[in-house]
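Student: Protein chains in written order, with our numbering: chain E, 1 to 292; chain L, 293 to 690. Even for Gly, the Cβ is constructed at its ideal location relative to N, Cα and C. This structure is a prediction, so every number in the text was calculated from the model and none was measured.
Structure follows, in structure tokens:
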């Protein structure tokens with residue numbers, strides 16, 4: 001065996017033990033009907049084959065959760081990246097003073113505890129006394145029951161998630177922006193480029209690798225939506241904010257249907273893999289490669 | 293669990309004085325984590341000797357074989373079973389065996405703004421559904437915009453299940469193997485429940501109102517609410533003493549006038565204490581549980597915590613006798629029924645609220661909502677049917 005293999009062997013063993021083995025066990029679990037009765041008596045375990053997966057396809061709650069998760073990804077991921085990019089561009093501008101202060105302030109939501117933040121946001125969203133509805137009232141919009149109306153609950157969660165997460169991507173994009181050489185901007189200005197043209201022809205192409213990385217990570221992360229609906233709405237109203245991971249948590253840890261939850265985990269894995277490959281196939285996300 | 297875990301420590305010195313060979317170590321766990329923690333401890337073989345349980349968790353732990361049966365011990369200690377509220381004691385018994393001893397009792401009844409009701413022309417709290425709906429309509433007529441006669445949060449399944457139990461619905465059928473939500477009794481309860489929303493008596497809202505519940509109750513944004521004994525403590529703690537005269541607690545109205553003027557049924561809830569089967573100190577655990585079930589200890593625990601005693605003789609205590617609102621709970625506790633004693637009940641109950649909400653919002657018709665609820669319940673109970681069928685075939689009792 002080559003010395004290189006010996007060098008990576010400890011790390012590989014750790015990965016195998018703490019990642020591959022549990023994943024394989026989980027796959028095995030998804031082929032059984034492990035639940036509370038099995039915890040009582042191992043004789044209650046039945047091999048279910050692909051039944052768990054078939055039941056998922058038949059389950060209206062699964063499709064609702066899938067739809068909710070896709071809505072969150074479609075609304076939240078582009079919005080989050082756009083807001084992060086906008087904030088990074090603003091912060092990078094040569095006219096801005098106290099960059100460090102603003103950078104810290106915009107990053108602050110990322111480090112706050114979600115549970116504490118959720119308490120405050122629940123009051124912000126309150127239909128009668130919340131600040132958001134008060135603000136809308138001044139421009140003549142009727143009060144909205146943000147967390148109680150099935151149409152608005154998911155957008156409300158999107159808003160919270162974008163506010164909480166944009167600082168993280170902003171810091172990464174800021175680093176990418178600062179890597180763009182100043183001479184290129186100077187050259188573009190000499191050629192008569194407006195600010196918008198500079199953005200389109202100098203900034204974005206050179207930012208493409210960082211932007212690809214940020215977009216890909218945001219996409220994957222948004223599919224795993226759990227904490228915000230768990231803390232804010234518990235999946236309600238009705239099933240309007242029940243995401244796939246929240247459904248998985250309920251089935252697995254609240255009701256102990258670990259077989260069903262494991263099947264759901266692998267379905268989610270397949271979905272994220274498919275979407276990521278499709279995005280790369282279409283040429284949108286290729287971290288590490290500059291755009292042609 | 294919760295605050296009780298801290299407060300019960302005050303009763304330990306007396307027990308240790310009477311039993312010098314025993315020491316009690318109380319481990320307190322928050323309610324939100326308790327269910328998961330108990331199940332995890334069972335799997336890890338790390339359960340304590342005696343545990344407190346929410347009554348709806350008893351079927352689950354019995355299915356796991358985690359609890360020791362108590363009938364023989366109760367008989368040996370000559371504990372008077374009749375002294376416990378019948379409905380609450382029934383919640384701890386599954387198929388004739390008693391698995392836990394009731395510690396405190398819990399049920400739901402109507403909290404209402406007596407001053408707003410009187411001003412609207414309703415002198416007495418309603419005793420029948422028809423009178424209830426009429427009273428709420430009168431309160432609403434006088435109330436004005438944005439003020440609701442009753443708050444029925446769409447996230448709570450308890451009010452709808454209480455109405456269904458009053459109508460005689462069994463919730464599950466065939467030995468608790470299938471959902472029975474499409475029955476006429478449950479449908480009747482759902483129709484009444486929906487009418488409260490569609491006539492504008494209850495707001496179509498979720499948990500948003502609950503953030504400020506007591507303040508909203510005091511300000512008159514909601515004139516009534518279905519809640520439990522903890523609300524007595526919450527209202528008294530959060531609002532000025534002068535407010536005490538403006539609200540009352542009344543037993544649930546019944547579908548029709550009852551012959552003996554009895555109130556409608558309500559849920560049998562509360563917590564019980566059980567002995568863990570795998571513990572090597574079952575005898576000691578039993579002595580602790582029996583101690584807490586003594587009349588004086590039940591009254592003492594009420595004084596500490598505000599939780600209502602499960603033993604009727606403890607209600608002779610002066611503090612309880614002088615509280616008219618606690619008297620309403622006493623009247624209700626004589627008319628309570630437990631929910632189906634299957635391990636899957638919590639899971640099924642969480643879906644009741646979700647489908648009732650769809651019907652309230654008009655997303656589904658009442659019929660379609662109940663049919664969907666039955667389908668989901670049947671799917672959840674599939675494993676139970678298989679286990680019961682297999683055990684029947686093998687000739688053993690489940």
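May I have the straight-line CA-CA distance separating residue 108/E from residue 167/E, to the nearest angstrom?
Tutor: Working through the first chain from its first residue, we reach residue 108/E at position 108. Working through the first chain from its first residue, we reach residue 167/E at position 167. Roughly 7 Å between the two C-alpha positions.
Student: Quick one: which residues of the region 456-475 of chain L get their C-beta closer than 9 Å to a C-beta of chain E? List them in chain order.
Tutor: Against chain E - using a Cβ distance shorter than 9 Å - the region 456-475 of chain L contributes no residues.
Student: With a CB to CB cut of under 8 Å and the five nearest residues on each side skipped, what residues in its chain are close to residue 26/E?
Tutor: Translated into the one-based positions of the first chain, residue 26/E becomes position 26. Hits under 8 Å: 262, 265, 266.
Student: Inspect the beta-carbon positions of residue 558/L and residue 401/L and report whether they are closer than 8 Å.
Tutor: To locate residue 558/L, count along the second chain from 1; it is residue 266. To locate residue 401/L, count along the second chain from 1; it is residue 109. Against a cut-off of 8 Å, the Cβ pair of residue 401/L and residue 558/L comes out as a contact.
Student: From the DSSP output, in three-state form, read off residue 302/L for me.
Tutor: Start at 1 with the first residue of the second chain, and residue 302/L comes out as number 10. Here residue 302/L sits in helix by DSSP.
Student: Tell me, please, whether the CB atom of residue 140/E is closer than 8 Å to any CB atom in chain L?
Tutor: On the first chain, position 140 is the one that residue 140/E refers to. Residue 140/E does not count as touching chain L.
Student: Quick one: complete alpha helix (DSSP H) runs, 4+ long, within the region 636-663 of chain L?
Tutor: The region 636-663 of chain L contains these whole alpha helix (DSSP H) runs: 637-652.
Student: Note down the Cα distance separating residue 300/L from residue 319/L, rounded to an integer number of angstroms.
Tutor: Working through the second chain from its first residue, we reach residue 300/L at position 8. Working through the second chain from its first residue, we reach residue 319/L at position 27. If you take the alpha carbons of residue 300/L and residue 319/L, they lie about 10 Å apart.
Student: Using DSSP with H/G/I as helix, E/B as strand and the rest coil, what is residue 279/E?
Tutor: By 1-based counting over the first chain, the position of residue 279/E is 279. Three-state result, residue 279/E: helix.
Student: What is the DSSP secondary structure of residue 212/E, counted as helix, strand or coil?
Tutor: Numbered from its first residue, the first chain carries residue 212/E at position 212. Residue state, collapsed to three classes: helix.
Student: Rounded to whole angstroms, what is the Cα-Cα separation between residue 212/E and residue 191/E?
Tutor: Sequence index remark: in the first chain, residue 212/E carries index 212 (1-based). Sequence index remark: in the first chain, residue 191/E carries index 191 (1-based). Cα to Cα, the separation comes out at about 28 Å.
Student: Does DSSP classify residue 671/L as helix, strand or coil?
Tutor: On the second chain, residue 671/L is found 379 positions in, with the first residue counted as 1. Three-state DSSP puts residue 671/L in a helix.
Student: Using only the alpha-carbon positions, how far apart do residue 647/L and residue 664/L sit?
Tutor: Counted from its first residue, the second chain places residue 647/L at position 355. Counted from its first residue, the second chain places residue 664/L at position 372. So the two alpha carbons sit approximately 8 Å from each other.
Student: Can you pull out the residues from the region 348-363 of chain L whose beta carbon lies closer than 8 Å to at least one beta carbon of chain E?
Tutor: The residues in question are 352, 355, 356, 357.
Student: Quick one, which of 14/E, 151/E, 66/E has its alpha-carbon nearest residue 226/E's?
Tutor: The residue labelled residue 226/E in the question sits at position 226 within the first chain. Comparing Cα-Cα distances from residue 226/E to each of 14/E, 151/E, 66/E, the minimum goes to 66/E.
Student: Answer yes or no: does any C-beta atom of chain L fall closer than 8 Å to that of residue 1/E?
Tutor: Stepping through the first chain from its first residue, residue 1/E is reached at position 1. Output row for residue 1/E: interface = no.
Student: What is the rounded straight-line gap between the Cα of residue 154/E and the Cα of residue 238/E?
Tutor: Here residue 154/E is taken as the residue at index 154 of the first chain, counted from 1. Here residue 238/E is taken as the residue at index 238 of the first chain, counted from 1. Taking the straight line joining both Cα atoms gives about 12 Å.
Student: In the DSSP assignment, find the alpha helix (DSSP H) that holds residue 542/L and state where it starts and stops.
Tutor: Along the second chain, read from residue 1 onward, the residue named residue 542/L stands at position 250. Taken as a continuous stretch (DSSP letters only), residue 542/L belongs to no alpha helix (DSSP H), being part of the beta strand (DSSP E) at 540-542.
Student: Helix, strand or coil for residue 440/L per DSSP?
Tutor: Locating residue 440/L in the second chain gives position 148, counting from the first residue. Three-state result, residue 440/L: strand.
Student: My parser needs the alpha helix (DSSP H) runs of 4 or more residues fully inside the region 147-234 of chain E; what are they?
Tutor: Counting only runs of 4 or more, we get 153-178, 182-190, 195-198, 204-223, 227-232.
Student: Closer than 8 Å by C-beta to residue 276/E: which residues in its own chain qualify, once you throw out the five before and the five after it? Chain order, please.
Tutor: Locating residue 276/E in the first chain gives position 276, where the first residue counts as 1. Correct list, in chain order: 216, 219, 220, 285.
Student: Could you pull out every residue in the same chain whose Cβ sits closer than 6 Å to the Cβ of residue 609/L, ignoring the five residues on either side in sequence?
Tutor: Position 317 of the second chain holds residue 609/L. Cβ neighbours of residue 609/L beyond the five flanking positions: 591.
Student: Residues of chain E with CB closer than 7 Å to the CB of residue 675/L, please, in chain order.
Tutor: Locating residue 675/L in the second chain gives position 383, counting from the first residue. Result: 33, 35, 37.
Student: Residue 404/L bridges to which residues according to DSSP?
Tutor: Taking the first residue of the second chain as position 1, residue 404/L is located at position 112. Answer is 516/L, 540/L, bridged to residue 404/L.
Student: Give the secondary structure of residue 472/L by DSSP, where H, G and I count as helix, E and B as strand, and everything else as coil.
Tutor: Counting from one through the second chain, the residue named residue 472/L turns up at place 180. If DSSP states are grouped into helix, strand and coil, residue 472/L belongs with coil.
Student: Please report the distance separating the alpha-carbon of residue 644/L from that of residue 445/L.
Tutor: Taking the second chain and counting its residues from 1, the one referred to as residue 644/L is at position 352. Taking the second chain and counting its residues from 1, the one referred to as residue 445/L is at position 153. Whole-angstrom Cα-Cα distance: 13 Å.
Student: Is there at least one Cβ from chain E nearer than 8 Å to residue 632/L's Cβ?
Tutor: For the purposes of this step, residue 632/L is taken as the residue at position 340 of the second chain. No, no contact with chain E.
Student: What did DSSP end up calling residue 324/L once you bin it into helix, strand or coil?
Tutor: As a position in the second chain, residue 324/L is number 32, starting the count at 1. Helix at residue 324/L.
Student: How about residue 458/L and residue 543/L: do their beta carbons lie closer than 8 Å?
Tutor: The residue you call residue 458/L lines up with position 166 of the second chain. The residue you call residue 543/L lines up with position 251 of the second chain. Against a cut-off of 8 Å, the Cβ pair of residue 543/L and residue 458/L comes out as no contact.
Student: Figure out for me which residue from 652/L, 539/L, 582/L, 621/L has the closest Cα to the Cα of residue 395/L.
Tutor: Residue 395/L sits at position 103 when you count from the first residue of the second chain. Nearest C-alpha to residue 395/L: 582/L.
Student: Between residue 522/L and residue 397/L, what straight-line distance do the alpha-carbon atoms span, to the nearest angstrom?
Tutor: Here the question's residue 522/L lines up with position 230 in the second chain. Here the question's residue 397/L lines up with position 105 in the second chain. So the alpha carbons of these two residues sit roughly 11 Å apart.
Student: Can you tell which of 253/E, 229/E, 273/E, 7/E has the C-alpha that lies nearest to the C-alpha of residue 159/E?
Tutor: Looking up residue 159/E in the first chain gives position 159. Comparing Cα-Cα distances from residue 159/E to each of 253/E, 229/E, 273/E, 7/E, the minimum goes to 229/E.
Student: With 8 Å as the threshold, decide whether the Cβ of residue 322/L is near any Cβ in chain E.
Tutor: Here residue 322/L corresponds to residue number 30 of the second chain, with the count starting at 1. No, no contact with chain E.
Student: So residue 339/L and residue 40/E are supposed to be a Cβ contact under 8 Å. How far apart are they, rounded?
Tutor: Residue numbering aside, residue 339/L sits at position 47 when the second chain is read from its first letter. Residue numbering aside, residue 40/E sits at position 40 when the first chain is read from its first letter. Incorrect: roughly 14 Å between the Cβ atoms, too far for contact.
Student: Can you check DSSP and say which residues form a bridge with residue 567/L?
Tutor: Stepping through the second chain from its first residue, residue 567/L is reached at position 275. BP columns for residue 567/L point to 342/L.
Student: Could you work out which residue in 624/L, 683/L, 570/L, 577/L is closest to residue 337/L when comparing CA atoms only?
Tutor: By one-based count along the second chain, residue 337/L stands at place 45. Of the candidates 624/L, 683/L, 570/L, 577/L, the one whose C-alpha sits nearest the C-alpha of residue 337/L is 570/L.
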